[in-house]
Amino acid sequence: MDTIEVTGIRAYGYTGALPEENVLGQWFEVNLTLWCDLIAAGKSDRLTDTYDYRSAIQTVQTLVKTSRFVLIEKLAAAIADALLEDPILDQVEVRLTKVSPPIPDFSGSVVVTIRRDRHRCS
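This is the structure we're talking about:
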């Protein structure tokens, strides 16, 4: 199966277990791998024969900005579920990074990666 990868989708959101994350928010970055059949697009050179990844970017940014979940796992699953509503996608992988979470003495990031397909939706 063919894939489209979309990387570096950034948005400011309010998902987190700590009170300050829900009030102040923080940056998230999302990378996607989208499985779909690209044979027709490779032959026709028409946007209508492929997945328009602009909709994935819009979906991710909207969900990050408007969702208020406790767990980033829930946010990643919500993104995957929303993307799989498009019938052209067979499978998605969502790599969600919480950039610099407010954890004392920690300057790294936290990443959750989930993969979902039509038969295993959350």
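Just so it is clear: in the sequence shown, position 118 is 118 by my numbering, and no numbers are missing. Ideal placement from N, C-alpha and C gives every residue a C-beta, glycine not left out. Predicted model only: the values in this text are computed from it and were never measured.
Using alpha carbons as the reference points, say which of the options lies closest to residue i.
i	options	result
A40	T50, L71, V110 and V111	T50
V23	R118, G13 and I4	G13
P104	R10, L18, T7 and M1	L18
I88	V60, V6, R118 and K74	R118
So residue i is in the beta strand (DSSP E); what residue range does that whole segment cover?
i	result
G13	D2 to G13
R95	Q91 to K98
I114	V110 to D117
V30	Q26 to C36
Give every residue of the same chain whose Cβ lies closer than 7 angstroms to the Cβ of residue i, excluding the five residues on either side of it in the sequence, and list them in chain order.
i	result
V99	Q26, W27, F28, E29 and S109
Q61	I9 and A11
Got a sec? Which residues, its chain only, sit under 6 angstroms from residue i by beta carbon, not counting five neighbours each side?
i	result
L63	A78 and I79
R115	E93
Q91	W35 and D117
V111	T97
Do you know offhand how far residue i's Cα is from residue j's?
i	j	result
L38	N31	20 angstroms
E21	L75	14 angstroms
S67	E5	23 angstroms
T33	Y53	11 angstroms
Which residues in the same chain have their Cβ closer than 8 angstroms to the Cβ of residue i, if we skip the five residues on either side of it in sequence?
i	result
G8	E29 and N31
D86	Y51 and S55
D2	W35, C36, D37, L38 and I39
For residue i, report the span of its alpha helix (DSSP H) as first-last.
i	result
D81	I72 to L83
G16	No alpha helix (DSSP H) contains G16, which DSSP labels as neither H nor E.
R68	Counting along the chain, R68 falls outside any alpha helix (DSSP H), and DSSP gives it neither H nor E.
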